[in-house]
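Read through the structure below, which is laid out as structure tokens, and then see the notes.
Protein chains: 2
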Amino acid sequence: MNVVKLSTVALERDKIVETALRLLDEVGLEKLTLRRLAAELGVQAPALYWHFKNKQELLDEMTEVIAVQKGPRLGPLAEGESWEAWLAEWVKEQRRVLNSHRDSARLTAGTHPGEGMLATVEMILGSLTRVGFDVVDAMWGVTALSSFLGGFVLEEQADRERGVGDWSQFQEAVEILAPYPHLCEAMIRIGGPQSEGAFEHGLTLILEGMRARLAASSGRQEGHGDLEVEGDRPAAG
Amino acid sequence: MNVVKLSTVALERDKIVETALRLLDEVGLEKLTLRRLAAELGVQAPALYWHFKNKQELLDEMTEVIAVQKGPRLGPLAEGESWEAWLAEWVKEQRRVLNSHRDSARLTAGTHPGEGMLATVEMILGSLTRVGFDVVDAMWGVTALSSFLGGFVLEEQADRERGVGDWSQFQEAVEILAPYPHLCEAMIRIGGPQSEGAFEHGLTLILEGMRARLAASSGRQEGHGDLEVEGDRPAAG
DNA sequence: GGAGTCTCCTTAACGTCGTTAAATAGAACG
DNA sequence: CGTTCTATTTAACGACGTTAAGGAGACTCC
Numbered sequence: 001m002n003v004v005k006l007s008t009v010a011l012e013r014d015k016i017v018e019t020a021l022r023l024l025d026e027v028g029l030e031k032l033t034l035r036r037l038a039a040e041l042g043v044q045a046p047a048l049y050w051h052f053k054n055k056q057e058l059l060d061e062m063t064e065v066i067a068v069q070k071g072p073r074l075g076p077l078a079e080g081e082s083w084e085a086w087l088a089e090w091v092k093e094q095r096r097v098l099n100s101h102r103d104s105a106r107l108t109a110g111t112h113p114g115e116g117m118l119a120t121v122e123m124i125l126g127s128l129t130r131v132g133f134d135v136v137d138a139m140w141g142v143t144a145l146s147s148f149l150g151g152f153v154l155e156e157q158a159d160r161e162r163g164v165g166d167w168s169q170f171q172e173a174v175e176i177l178a179p180y181p182h183l184c185e186a187m188i189r190i191g192g193p194q195s196e197g198a199f200e201h202g203l204t205l206i207l208e209g210m211r212a213r214l215a216a217s218s219g220r221q222e223g224h225g226d227l228e229v230e231g232d233r234p235a236a237g
Numbered sequence: 001m002n003v004v005k006l007s008t009v010a011l012e013r014d015k016i017v018e019t020a021l022r023l024l025d026e027v028g029l030e031k032l033t034l035r036r037l038a039a040e041l042g043v044q045a046p047a048l049y050w051h052f053k054n055k056q057e058l059l060d061e062m063t064e065v066i067a068v069q070k071g072p073r074l075g076p077l078a079e080g081e082s083w084e085a086w087l088a089e090w091v092k093e094q095r096r097v098l099n100s101h102r103d104s105a106r107l108t109a110g111t112h113p114g115e116g117m118l119a120t121v122e123m124i125l126g127s128l129t130r131v132g133f134d135v136v137d138a139m140w141g142v143t144a145l146s147s148f149l150g151g152f153v154l155e156e157q158a159d160r161e162r163g164v165g166d167w168s169q170f171q172e173a174v175e176i177l178a179p180y181p182h183l184c185e186a187m188i189r190i191g192g193p194q195s196e197g198a199f200e201h202g203l204t205l206i207l208e209g210m211r212a213r214l215a216a217s218s219g220r221q222e223g224h225g226d227l228e229v230e231g232d233r234p235a236a237g
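Those protein sequences? They're chains A and B, same order as listed. Going by UniProt numbering, the first residue of the first sequence is number 1, and it counts up by one from there. Going by UniProt numbering, the first residue of the second sequence is number 1, and it counts up by one from there.
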């Protein structure tokens, strides 16, 4: 009895979250309203409070579904596989998953990592230490990648929401950028503020930094105190 | 006449924005309400619509004030100065400025860069090209730094808002992390998910990547196609 | 110096939101 | 049959952003 009833409720919850995610893609986070969601389910708004404590709990579950239910595809680093390519693939997959739902970055922003994400990070740390990383360096690398990912997708989706990328606003952008020659040249040569290239390149930068860090720390016994940025390079040029 | 009246309005706008920023620090973004702000100014809510088209315009102006009015301290890269240290200082200053106001990251997230920010970026691009960067690489570097900064501070402030960092929740965190040995070790050796070290280190990674990119591109005539991550390392095993 | 204009604010209200309280239809159970 | 539990409805509350209409006070101009 207990089992049957609980599973019924769970199924209902899943159905609600699923509908909410579909609705999110249709109308965006701003207009994702309990009343609207309820209507979509053929129900009155307060009915949702039987299944969820409040709206935040629904949103939390939505982020968990986005983050975990999709894309746990990454297996541990294979013997002899390039950790750079492997890590890059993970980050790109994360971006792909985030971009598979409208406003997902704003939705996810500031949510605690769920079980699935913790397990993934644990596996990454294991793999990276196996190729020689200090576990702290590995953790900080993952943190950097994750911050970059979050920040990038956030701006990317915000631009999309504003309709940037439409050529209608391109002319306007050119006028604004006119007084800034370098910026202007860069924009023209790139083709938009948030191109694929910007993501790939930023990702590469961090991985390159991690590679340098790995080399420096495995070169000496305890890899610490090498790559400091603050004033350790004598000014040259 | 015209001048006097316009400046009066401008002063009022400034006073409103200033009060709004103070109120933001007091009550947080969620409870920053037009009615509350108006009350703080000794005025009724609709009065604000004389000075601002809508709430978003007020928020936009708040972000512009945060981003520009504070911390335009960075001058162009001096002759012989280390560009790494110089850039690092800028990013750290940006973080300091963001963290000087509650919820500033969420406020800023998805706002178009204002005039001041454009000018700053232009100056950075100028300085970086002067030390040998291709303008596109410089732009992508700045983009990466900015995404990292935004993502990091967003999580950082979200944690703060949730009261993470309180030792009350530390025990709980330990229990959650128990099944993940690497994660656990990393956390213990770091001392929290969002430490100063994580920021400094992530920043260093990106700068290190930029340094490598600079070296690679100045080594050949046209620096392109060197640091690709996708599949250039043969997967084996 | 009175009429008109402009600035800045008020009062009143609208529609929507998240959320709560209370009542209720229907199934499950003794 | 009566009770209990599940899942929902109806009604309402307070707060939000926003709009409409008007009014008090200063400034301008003939």
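No residue lacks a Cβ here, since even glycine has one placed at the ideal position from N, Cα and C. Bear in mind that the values here come from a model prediction, so they are computed numbers and not experimental data.
Indicate whether residue i and residue j have their beta-carbon atoms separated by less than 8 Å.
{"i": "V153/B", "j": "R95/B", "result": "yes"}
{"i": "L21/B", "j": "D103/B", "result": "no"}
{"i": "E122/A", "j": "L41/B", "result": "no"}
{"i": "T19/B", "j": "A67/B", "result": "no"}
{"i": "residue 258/A", "j": "W86/A", "result": "With chain A covering only 1 through 237, there is no way to say anything about residue 258/A."}
{"i": "A138/A", "j": "L118/A", "result": "no"}
{"i": "A144/A", "j": "L205/B", "result": "yes"}
{"i": "E79/A", "j": "R211/A", "result": "no"}
{"i": "F133/A", "j": "L214/A", "result": "yes"}
{"i": "S100/B", "j": "K70/B", "result": "yes"}
{"i": "G197/B", "j": "I188/B", "result": "no"}
According to the neighbour-count rule (16 or more other Cβ atoms, all chains shown, within 10 Å of its Cβ), is residue i buried or exposed?
{"i": "G163/B", "result": "exposed"}
{"i": "E61/B", "result": "buried"}
{"i": "R73/A", "result": "exposed"}
{"i": "W50/B", "result": "exposed"}
{"i": "G141/A", "result": "buried"}
{"i": "E64/B", "result": "buried"}
{"i": "E156/A", "result": "buried"}
{"i": "S218/B", "result": "exposed"}
{"i": "R130/A", "result": "exposed"}
{"i": "E209/A", "result": "Checking the sequence, you will find Gly at residue 209/A rather than Glu. Per the 10 Å Cβ criterion, buried."}
{"i": "T33/B", "result": "exposed"}
{"i": "P179/A", "result": "exposed"}
{"i": "A88/A", "result": "buried"}
{"i": "P181/B", "result": "exposed"}
{"i": "P113/B", "result": "buried"}
{"i": "V43/A", "result": "exposed"}
{"i": "A39/B", "result": "exposed"}
{"i": "A186/B", "result": "buried"}
In this structure, does DSSP put residue i in helix, strand or coil?
{"i": "residue 262/A", "result": "This structure leaves residue 262/A out entirely; chain A is present only between 1 and 237."}
{"i": "A186/A", "result": "helix"}
{"i": "D232/A", "result": "Note that D232/A scores 44 on pLDDT, short of 50, meaning its location in the model is unreliable; the coordinates nonetheless yield the value given after this. Three-state DSSP puts D232/A in coil, outside helix and strand."}
{"i": "R13/B", "result": "helix"}
{"i": "D159/A", "result": "helix"}
{"i": "G191/B", "result": "coil"}
{"i": "E81/B", "result": "coil"}
{"i": "V135/B", "result": "helix"}
{"i": "R36/A", "result": "helix"}
{"i": "G75/A", "result": "coil"}
{"i": "Y49/B", "result": "helix"}
{"i": "A88/A", "result": "helix"}
{"i": "F148/B", "result": "helix"}
{"i": "K55/A", "result": "helix"}
{"i": "H201/A", "result": "helix"}
{"i": "A20/A", "result": "helix"}
{"i": "D25/B", "result": "helix"}
Can you pull the chain B residues whose beta carbon is under 9 Å from the beta carbon of residue i, in chain order?
{"i": "G28/A", "result": "Ordered by position in chain B, no residue passes the 9 Å Cβ test against G28/A, which lies about 12 Å from the chain."}
Kindly give me the distance between the Cβ atoms of residue i and residue j, rounded to whole angstroms, as I take these residues to be in contact under 8 Å.
{"i": "G151/B", "j": "F148/A", "result": "6 Å"}
{"i": "I16/A", "j": "L59/A", "result": "So it is not a contact: roughly 12 Å between Cβ atoms."}
Which bits of chain A does residue i rub up against, with CB to CB less than 7 Å?
{"i": "F148/B", "result": "A144, S147, F148 and G151"}
Applying a beta-carbon distance threshold of less than 8 Å, which residues of chain A neighbour residue i?
{"i": "A109/B", "result": "R106, A109, L154, E155 and A158"}
{"i": "G114/B", "result": "Residues of chain A passing the Cβ test: none, with the nearest at roughly 10 Å."}
{"i": "L34/B", "result": "Within 8 Å Cβ-Cβ: nothing; L34/B doesn't reach chain A, min ~17 Å."}
{"i": "T129/B", "result": "H182"}
Whose Cβ in chain B lies nearer than 8 Å to the Cβ of residue i?
{"i": "Y49/A", "result": "None at all; the shortest Cβ gap to chain B is about 20 Å."}
{"i": "V174/A", "result": "Those do not exist, as V174/A stays about 13 Å from chain B at its closest Cβ, beyond 8 Å."}
{"i": "A186/A", "result": "L125, V135, V136, A138 and M139"}
{"i": "G210/A", "result": "Note that residue 210/A is Met in the sequence shown here, rather than Gly. Within 8 Å Cβ-Cβ: L205."}
Can you pull the chain A residues whose beta carbon is under 9 Å from the beta carbon of residue i, in chain order?
{"i": "R96/B", "result": "Residues of chain A passing the Cβ test: none, with the nearest at roughly 14 Å."}
{"i": "L118/B", "result": "I176, L177, P179, Y180 and L183"}
Applying a beta-carbon distance threshold of less than 7 Å, which residues of chain B neighbour residue i?
{"i": "G202/A", "result": "W140, T143, A144 and S147"}
{"i": "V68/A", "result": "Under the 7 Å cutoff, chain B gives no residues; its nearest Cβ is about 15 Å from V68/A."}
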